[in-house]
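Here our numbering is used: the first residue of the sequence shown is 648, the next is one more, and so on. Positions of the beta carbon are idealized from the N, C-alpha and C atoms, including for glycine. Worksheet: the structure to be examined is printed underneath.
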Amino acid sequence: MVNSTQVLFFFLTAYIDSGVLAYLYFTAVLFLYILIIVSNVLLIAVICVNRSLHEPMYMFLCSLFVNELYGSSGLFPFLLVQILSHLHSVAAPFCLLQVFIVHSYGAVEFLNLAVMSYDRYLAICYPLQYNTRMTPTKIAVLIAASWLYPFVAMSFMMSLIPVKLCRNQINKVYCDMHSLVKLACSDTALTNIYGLTATFSTIFISLLLILYSYIKILAVCFSGSKQTRQKAVNTCTPHLASILNFSCGGSFEISQSRFDMSFLPNVLRLFLSLYFLTAQPLFNPLMYGLKMSKIRNICKIGVNS
648 MVNSTQVLFF FLTAYIDSGV LAYLYFTAVL FLYILIIVSN VLLIAVICVN RSLHEPMYMF
708 LCSLFVNELY GSSGLFPFLL VQILSHLHSV AAPFCLLQVF IVHSYGAVEF LNLAVMSYDR
768 YLAICYPLQY NTRMTPTKIA VLIAASWLYP FVAMSFMMSL IPVKLCRNQI NKVYCDMHSL
828 VKLACSDTAL TNIYGLTATF STIFISLLLI LYSYIKILAV CFSGSKQTRQ KAVNTCTPHL
888 ASILNFSCGG SFEISQSRFD MSFLPNVLRL FLSLYFLTAQ PLFNPLMYGL KMSKIRNICK
948 IGVNS
């Protein structure tokens, strides 16, 4: 029988001794974090200040940008501390907090993208009924649901994490749910089943809504005018790019957590495990800021003035 104990600290074993290069890595990560904060806060401010952007699509975008700040803030300050640390240890409460933020961020991101696809479906397929179907109350409900469901699901999931563990070493650069569960001495079948159910139900429901919306949008585009097709391309391209980017990063992270990926180089595994938490918060504001003509024009006016 393996002795179990209540762990107070976890040690992250995926960090390598980078010597003097640690300061270079620290500077690069800090620059990336500042860029993420500035770009997301700027677009949130642009949407909130300009009344012409107080439309459903931009309200959902604002929710998406807030989530990018939420998710990146759960990772980057932690990375900055660990890069300059020699022990690479983290107190158990902070590790659990990071688990909650990372996993709820992923669920909120998928649900936000699904809600945005539904909004585009109504705007393109029912343009004359759009304002009556997408009311302020409905917007508030959709945004609230995309945030509340992940928070409630993660709160229940956190209660299933075993209090007493056999080991305290996590083979990653940050804390995640499955890494903690693997440290348990007791049977974790219930936690694994709930985790898989919650993860794949969120992804399945989101992707199902996205797929349905785009099938309807494509049907309208093929049967509609050139103007309709152009409108669909302009509004849907950044959304599709965001979905593909996040899905690829999230898929690898889920695969790496559940399966043995030791055949891949350590550097590649490290890069891909951080990809969905680092690329998406920077990708979305840049993509939407450049592709959405209203946001781009308002930013140009602000710069010129």
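- Task: Check each candidate in Asn697, Tyr672, His701 and Leu711 and name the one with the smallest Cα separation from Met934.
- Result: Leu711
- Closest Cα partner of Asn931 within the set Asn714, Val654, Leu668 and Val820: Asn714
- Would you mind working out which of Thr925, Ser736 and Glu702 sits nearest Cys822, comparing C-alpha positions? Ser736
- Message: Taking DSSP's pairing of strands, which residues face Phe656 in a bridge?
- Response: Ala738
- Which of the three DSSP states, helix, strand or coil, is assigned to Ala661? coil
- Start-end ranges of the beta strand (DSSP E) lying completely within the segment 718-767, minimum 3 residues: 736-738
- Item | Contact set for Phe657: own chain, Cβ-Cβ below 6 Å, skip 5 residues either direction | Val737, Cys742, Asn815 and Ile817
- Item | 7 Å Cβ shell around Ile850 - same chain, five flanking residues per side excluded | Phe757
- Query: Does the segment 851-869 come close enough to the segment 764-772 to have 3 or more Cβ pairs within less than 8 Å?
  - Reply: yes
- Message: If I measure Cβ to Cβ from Met939 and keep anything under 6 Å in the same chain, skipping five residues before and after, which residues do I get?
- Response: none
- Query: Between which two residues does the alpha helix (DSSP H) carrying Lys973 extend?
  - Reply: Shown here, the chain extends from 648 to 952; a query on residue 973 therefore has no answer.
- Going by DSSP, which residues form a beta bridge with Gln816? Phe658
- Message: I'd like to know if Phe741 contacts chain E, where contact means its C-beta is closer than 8 Å to some C-beta of that chain.
- Response: Structure shown: chain E not included; a single protein chain is present.
- Report the option in Gly936, Ile771, Ser793 and Tyr670 whose CA atom is closest to the CA atom of Leu731. Tyr670
- Task: For the alpha helix (DSSP H) containing Asn687, list its first residue and its last residue.
- Result: Leu668 to Val696
- Pro797, enclosing alpha helix (DSSP H) - first and last residue: Pro783 to Ser806
- Message: I'd like the list of long-range same chain contacts for Met801, defined as Cβ closer than 7 Å, with 5 residues on each side in sequence excluded.
- Response: Phe747, His750 and Ser751
- Rounded separation between Val654 and Ser686 - CA only: 38 Å
- Query: Which two residues bound the contiguous alpha helix (DSSP H) that contains His701?
  - Reply: Element bounds for His701: n/a, residue is neither H nor E.
- Item | CB of Val820 within 8 Å of CB of Gln745, strictly | no
- Thinking C-beta only, is Phe723 closer than 8 Å to Val676? yes
- Query: For Lys829, which of Leu843, Gln927, Cys813 and Thr844 has the nearest alpha-carbon?
  - Reply: Cys813
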